[in-house]
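Engineer:
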Amino acid sequence: MKKMRKISANCIFLKIFIIVIIYCVLQCARHIENDKLSYLQGEINMGNKLTARSLASVYISEEGYKKIEMNSSDLEKKWKNICFEWRRDLNDICKQIFWEFKKVCIKNNVNVDIENDTWKTWRDQVQNRIIMKEEQDNQDYLKFKETQYTIIDIDRFIYEKRVSFKLFNDELLSEKDSFIECLLNNWLKYKEEHFDIKAVKELKEQCKKRKLKMGGKQMKNKKIMEI
Numbered sequence: 000m001k002k003m004r005k006i007s008a009n010c011i012f013l014k015i016f017i018i019v020i021i022y023c024v025l026q027c028a029r030h031i032e033n034d035k036l037s038y039l040q041g042e043i044n045m046g047n048k049l050t051a052r053s054l055a056s057v058y059i060s061e062e063g064y065k066k067i068e069m070n071s072s073d074l075e076k077k078w079k080n081i082c083f084e085w086r087r088d089l090n091d092i093c094k095q096i097f098w099e100f101k102k103v104c105i106k107n108n109v110n111v112d113i114e115n116d117t118w119k120t121w122r123d124q125v126q127n128r129i130i131m132k133e134e135q136d137n138q139d140y141l142k143f144k145e146t147q148y149t150i151i152d153i154d155r156f157i158y159e160k161r162v163s164f165k166l167f168n169d170e171l172l173s174e175k176d177s178f179i180e181c182l183l184n185n186w187l188k189y190k191e192e193h194f195d196i197k198a199v200k201e202l203k204e205q206c207k208k209r210k211l212k213m214g215g216k217q218m219k220n221k222k223i224m225e226i
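Going by numbering that gives the first Met the number 0, the residue at position 17 of the sequence shown is 16; the numbering climbs one at a time, nothing skipped.
#1: Quick one, which of Gln124, Asp112, Asn185 and Ile157 has its alpha-carbon nearest Tyr140's?
#2: Going by CA-CA distance only, name the one from Cys82, Ile130, Ile150 and Cys104 that's closest to Asp73.
#3: Please list the terminal residues of the continuous alpha helix (DSSP H) segment that includes Thr117.
#4: Evaluate Ile105 with the Cβ neighbour count: other Cβ atoms within 10 Å of its Cβ, from every protein chain shown; 16 or more gives buried, anything less gives exposed.
#5: Quick check on DSSP: helix, strand or coil for Glu174?
#6: Pick helix, strand or coil for Asn168, following the three-state DSSP scheme.
#7: Could you give the C-beta distance for Trp121 and Phe178, rounded to a whole number, given that I count them as a contact under 8 Å?
#8: For Tyr148, does the three-state DSSP call read helix, strand or coil?
#9: Look at the alpha carbon of Glu159 and the alpha carbon of Val111, and state the distance between them as a whole number of angstroms.
#10: Within 10 Å of its beta-carbon, does Val109 have 16 or more other beta-carbons around it, so buried, or fewer, so exposed?
#11: Rounded C-beta distance between Ile92 and Phe164? I'm assuming under 8 Å.
#12: By how many angstroms is the C-alpha of Asn107 removed from the C-alpha of Trp186?
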């Protein structure tokens with residue numbers, strides 16, 4: 000009887016021992032799974048961060064490219080506009096000078112050959128100056144276009160070119176009086192060579208009046224500059 004009780008007690012202890020071993024094994028397995036899960040989550044998070052950085056980098060690059068493209072479009076549009084305005088203003092100035100020139104020719108009955116030669120000489124000279132300026136301005140534009148410019152840089156470049164166009168136009172317009180005086184001098188010389196004394200006297204009087212008028216303008220401009 001005692002032997003049976005001893006065997007029964009041993010069986011109970013054995014069962015308890017087996018249960019403890021199984022519990023320990025399960026706990027170890029659980030810790031291993033948790034460690035693996037943490038590792039996998041870390042890898043996923045790291046992958047997500049890398050992906051996010053890559054996407055951000057691509058977005059920034061695309062935005063930068065769009066910005067450059069937009070700036071380039073603004074530059075081209077503004078450049079075309081001021082070039083168009085300049086040629087339009089030039090055309091108006093040349094028309095103004097031509098009609099003033101024509102009026103003087105009609106008033107003084109200038110010989111047609113002298114009229115045509117004088118106008119052609121002046122027109123060719125002006126055209127050459129315009130071509131030279133256009134070539135230089137176009138070189139400046141292409142050179143500026145290759146730089147890493149901003150919107151502020153574009154506005155500064157366009158402003159400087161607009162000022163240079165205005166100076167060119169003002170200079171051309173200021174030469175109108177000297178150009179017409181040159182016409183009258185040529186016509187006066189022609190009249191002297193052909194012994195038209197009456198016409199010579201009238202032309203000389205006109206030349207004197209024009210010189211006095213030009214002198215008055217120069218003095219007025221000088222006073223304005225001094226002020």
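The C-beta atom is built at its ideal place from N, Cα and C for all residues, glycine as well. Computed from a prediction, not measured in an experiment: that's the story for all the values here.
Structural biologist: Checking against the coordinates, here is how it stands:
#1: Position 141 of the sequence shown, counting from 1, holds the residue named residue 140. Ranking Gln124, Asp112, Asn185 and Ile157 by Cα distance to Tyr140 puts Ile157 first.
#2: To locate residue 73, count along the sequence shown from 1; it is residue 74. Comparing Cα-Cα distances from Asp73 to each of Cys82, Ile130, Ile150 and Cys104, the minimum goes to Ile150.
#3: The residue you call residue 117 lines up with position 118 of the sequence shown. Its alpha helix (DSSP H) spans residues Val111 to Lys144.
#4: For this step, residue 105 is matched to residue 106 along the sequence shown. Here Ile105 is exposed. Its C-beta has fewer than 16 other C-beta atoms within 10 Å.
#5: Walking along the sequence shown from the start, residue 174 turns up at place 175. Note: Glu174 maps to coil in three-state DSSP.
#6: For the purposes of this step, residue 168 is taken as the residue at position 169 of the sequence shown. Here Asn168 sits in helix by DSSP.
#7: One-based indexing of the sequence shown puts residue 121 at position 122. One-based indexing of the sequence shown puts residue 178 at position 179. Under the criterion of beta carbons closer than 8 Å, Trp121 and Phe178 qualify as touching, at roughly 6 Å.
#8: Along the sequence shown, read from residue 1 onward, the residue named residue 148 stands at position 149. Reduced to three states, the DSSP call for Tyr148 is coil.
#9: Counted from its first residue, the sequence shown places residue 159 at position 160. Counted from its first residue, the sequence shown places residue 111 at position 112. Cα-Cα distance, rounded: 42 Å.
#10: In the sequence shown, the residue the question calls residue 109 occupies position 110. Buried: at least 16 other Cβ atoms inside 10 Å.
#11: Residue 92 sits at position 93 when you count from the first residue of the sequence shown. Residue 164 sits at position 165 when you count from the first residue of the sequence shown. So it is not a contact: roughly 11 Å between Cβ atoms.
#12: Stepping through the sequence shown from its first residue, residue 186 is reached at position 187. Stepping through the sequence shown from its first residue, residue 107 is reached at position 108. Looking at the backbone, the Cα of Trp186 and that of Asn107 are separated by about 9 Å.
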